[in-house]
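Listed in order, the protein sequences are those of chains A and B.
Letter 105 of the first sequence, counting from 1, is numbered 104 in numbering that gives the first Met the number 0, and no numbers are missing.
Letter 73 of the second sequence, counting from 1, is numbered 72 in numbering that gives the first Met the number 0, and no numbers are missing.
Note that beta-carbon positions come from the ideal geometry of N, C-alpha and C, so glycine has one too.
These numbers were taken from a predicted model, which means no experiment stands behind them.
The block underneath contains the structure these notes are about, expressed in structure tokens.
2 protein chains.
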Amino acid sequence: MNVTALGYVLLGLLARESRSGYDLAQNLRRPVGFFWAANHSQIYPQLARLEEEGLVEHEVVDQRDRPAKKVYTLTPRGRETLRTWLVEPLTFPTYRDELTLKAYSLWLADRVEAARMLREHAEEHRAREAVCQTYVDDLTDHASEALTRVDTPEFAAYVAAQRGVSIAREARSWCLWVARLLEAQTPLTEAQLRSLPMPPS
Amino acid sequence: MNVTALGYVLLGLLARESRSGYDLAQNLRRPVGFFWAANHSQIYPQLARLEEEGLVEHEVVDQRDRPAKKVYTLTPRGRETLRTWLVEPLTFPTYRDELTLKAYSLWLADRVEAARMLREHAEEHRAREAVCQTYVDDLTDHASEALTRVDTPEFAAYVAAQRGVSIAREARSWCLWVARLLEAQTPLTEAQLRSLPMPPS
DNA sequence: TGTTGCTATGTATAGAATGACATATGTTAC
DNA sequence: GTAACATATGTCATTCTATACATAGCAACA
């Protein structure tokens, strides 16, 4: 029973609601895609593997105005597998951050171009923050009851969306700080170097 | 001239100093590994590919008390390739965060076990923050002159290390927030749900 | 009738990453 | 002597990922 990271993503979505592979692919674009992206060519084979191991089942559902679909449902065994994974230490620890990677070689770059790149990236994170904040607000407005209990899907979605907001703000804050340093006159002052607003420890 | 992310990592390290594959593998564990991890079985073939494309060169260096090594050096063409990549929009956009992924299914988990997992993870980030802060402090203490100019390797290392601190604090802050919610008595109050200390926008 | 577009499910292929396997030199400690 | 350990470089098998290719139903519109 060797489940991959993508496998757990799919189990997590199916734990909330039964879905088709196509639906799962959509979910792995917008809401969940901020944390784990994948496209349909990975999802369909992965679903087949999960079914082989008895973690999901599917049922063909005919539709009137659309092609038929395979609706996948989590099995009790799939649910247990997911529950176990949740509280384990991180299984796939490889962290990758291309932006910080570029930062590490920033001393070679054209100052003006680099500042522009960072400001563009800050803007992307502003947009991402807005999307995540929308999820937070929707849950606060329309599911305030469910949010008071930690065993609801809404609660889990809420803390995940807050993480999205938090990560986007951190990234944006850092991008703008570096952009300002690149655009400032040298020599930089100590105050400028210390001017990164840090999240509270 | 199709350079992979790992390729750029290696070019970025070699731009600072010529190194052997073994040295690069060490660097991709501790300092740079926080942003891009890799092991030697990827590095050696990658170096060969970079050399084929004329971005790096190597020279065999005999050592008295150790086995001989291949010291790789960045070529002018490699330097240009790196410089170009730096200011491009992100080329490898896939973002993956296993922790937020787990959070999304947290409603299924055992509260006590989940809180323990999150506190363990917070502790890991505290340690990571300390390591990154050490780099920041070292640079501040021993390279304050170089930090005033943005075209020094020290400046780039400084902003990258600050990012490490920033990311670790954000992660720790969020983990402890969720752990507190899981350990609190239900129903949760609105104040508790809003109590995540956010990095400034 | 044809074209565009969304739904829906797959395969093929090439590249990348992981972990295991494999080898060799030299130092230090027992 | 030999065992453990750090340095040093590589390969191999398997798995994972990304991109493109491929097919098909149905609706809306021109």
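Between A/L100 and B/F33 the beta-carbon gap is near 10 Å, outside 8 Å, which marks them as no contact.
Counting other Cβ atoms within 10 Å of its Cβ, A/V60 stays below 16 and is therefore classed as exposed. Only exposed fits A/R28, as fewer than 16 other CB atoms lie within 10 angstroms of its CB.
Separation of A/K69 and A/A4 (C-alpha to C-alpha, rounded to the nearest whole angstrom) is 22 Å. When 8 Å is used as the limit between beta carbons, A/E119 is near these residues of chain B: P88, in chain order.
Out of B/Q45, B/D64 and B/V149, the CA that lies nearest to the CA of B/E56 is found in B/Q45. Per DSSP, the continuous alpha helix (DSSP H) segment holding A/V164 begins and ends at P152 to E182.
Below the 9 Å Cβ cutoff, chain B contributes L100, K101, Y103, S104 and L107 as neighbours of A/G11, in chain order. Bounds of any beta strand (DSSP E) do not take in A/T90, whose DSSP letter is neither H nor E. The beta-carbon of B/P198 is placed less than 7 Å from the nearest beta-carbon of chain A.
Just measuring C-alpha positions, the residue of B/Y21, B/P30 and B/G20 sitting nearest B/A129 is B/P30.
Counting every other CB atom within 10 Å of its CB across the protein chains shown gives A/V177 a total of 16 or more, marking it as buried. Excluding residues up to 5 positions away in sequence, Y7, L10, G11 and A14 lie with their Cβ nearer than 7 Å to the Cβ of A/L81 in the same chain. Within the stretch 39 to 121 of chain B, the alpha helix (DSSP H) runs of at least 4 residues that lie entirely inside it are, in chain order, 39 to 51, 75 to 85 and 97 to 103.
For chain B, the residues of the stretch 28 to 41 of chain A that bring a beta carbon within less than 8 Å of one of its beta carbons are V31, F33, F34, W35 and A36, in chain order. Non-local C-beta neighbours of A/G163 in its own chain, meaning closer than 6 Å and more than five positions away in sequence, comprise F33 and C131, ordered along the chain.
Residues of the same chain with a CB within less than 8 Å of the CB of A/W173, apart from the 5 flanking positions on each side, are L195 in chain order. In this structure, the alpha-carbon of B/Q41 lies about 10 Å from that of B/G20. Here B/R193 carries a coil assignment [DSSP, helix/strand/coil].
Looking at the backbone, the Cα of A/Q25 and that of A/Y71 are separated by about 15 Å. Close partners of A/D96 in chain B (Cβ separation under 9 Å): F33, F34, W35, Y94, R162 and I166.
For A/P152, the C-beta contacts it makes with chain B under 8 Å involve W106, in order along the chain.
Between A/A114 and B/V86, the C-beta gap is not smaller than 7 Å, which leaves the two residues out of contact. Listed in chain order, the non-local C-beta contacts of A/L105 below 7 Å within the same chain comprise A113, local neighbours out to five positions each way being set aside. When secondary structure is reduced to three states using DSSP, B/R18 falls in the strand class. The beta carbon of B/L117 sits closer than 8 Å to the beta carbons of C174, L175, V177, A178 and L181 from its chain, once the five residues preceding and following it are set aside; these are given in chain order. A Cβ-Cβ distance of about 5 Å is found for the pair A/E169 and B/P198, placing them in contact under the 8 Å criterion.
No residue range can be given for B/L187, since it is assigned to no alpha helix (DSSP H) and is classified by DSSP as neither H nor E. Within 9 Å of the CB of B/S172, the CB atoms of chain A belong to S165, P198, P199 and S200, in sequence order along the chain. Against chain A, a Cβ distance below 8 Å from B/T80 picks out nothing, because the smallest value is about 11 Å. Under the Cβ criterion (8 Å, minimum of three pairs), the stretch 90 to 97 of chain B does not count as touching the stretch 150 to 157 of chain B.
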